[in-house]
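J.:
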Amino acid sequence: MEIGLTRIFGIGRPTSKKILAEAAVNPNIRVNDLNNEDIAKIRGIIDRDIKVEGDLRKEVTTSIKRLTDIGCYRGIRHKSGLPVRGQRTKTNARTRRGPSKGVVKKKGGK
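Start counting the sequence shown at 1; every next residue gets the next number (full-length UniProt numbering).
Next up, the structure:
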C-alpha cells in the first residue's frame, strides 16, 4: 500500500508512510486487500491534509507563470528551458536542453 499511494501526483514515500500511520493501516498490505473503511480513512486524510493531482499541478504552473511574468532569473531559465537551480550547462543538462545537435562535417575539405 505504501508504494501504491505514491502513484498519486503529490504523494511520495514519506507522505505515504505518514498517511498510513495516521489511518492505522498496515503499510505492507496490498491495495486489493483493503476494506472500505480503510479506503475511506485514507481518502479522508488525503482530502483534508494534502494538496494532490489537479490542485497541485495548477499551483505549480501558476507559480512558474508568476516567475516568468515578473522576469526574474528563475523565470527566464524556465522560459528558456534551461536548468533553474544553478546546475552547469556547458556539459550535462541534456534532459532540460533536449538532445544534442551534433557536429556537421564540411564537404570536400582537407
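Note that CB positions come from ideal geometry on N, CA and C, so glycine has one too.
Since this is a predicted model, take the numbers as computed values, not measurements.
#1: Given this structure, state the Cα-to-Cα distance separating T62 from K105, to the nearest angstrom.
#2: Across the stretch 3 to 23 and the stretch 46 to 57, are there enough close Cβ pairs to call them in contact, namely three or more that are closer than 8 Å?
#3: Can you tell me whether V25 is buried or exposed? The criterion is at least 16 other CB atoms within 10 Å of its CB, across all chains shown.
#4: Measure the beta-carbon distance from T89 to P83 and round it to whole angstroms, keeping in mind my assumption that it falls under 8 Å.
#5: For R94 versus G81, is the C-beta distance shorter than 9 Å?
#6: Using the beta-carbon count (16 or more within 10 Å), is S16 buried or exposed?
#7: If you count every other CB in all the chains shown that lies within 10 Å of the CB of I19, and 16 or more means buried, which is it?
#8: Please list the segments of the alpha helix (DSSP H) lying wholly inside the UniProt region "Disordered" (79 to 110), counting only runs of 4 or more residues, in order along the chain.
#9: For A21, report the span of its alpha helix (DSSP H) as first-last.
T.: Answer, in terms of the structure:
#1: Straight-line Cα distance between these residues: approximately 44 Å.
#2: yes
#3: buried
#4: 6 Å
#5: no
#6: Classification of S16: buried, given that the 10 Å Cβ count is 16 or more.
#7: With 16 or more other Cβ atoms within 10 Å, it is buried.
#8: 94 to 97
#9: 13 to 23
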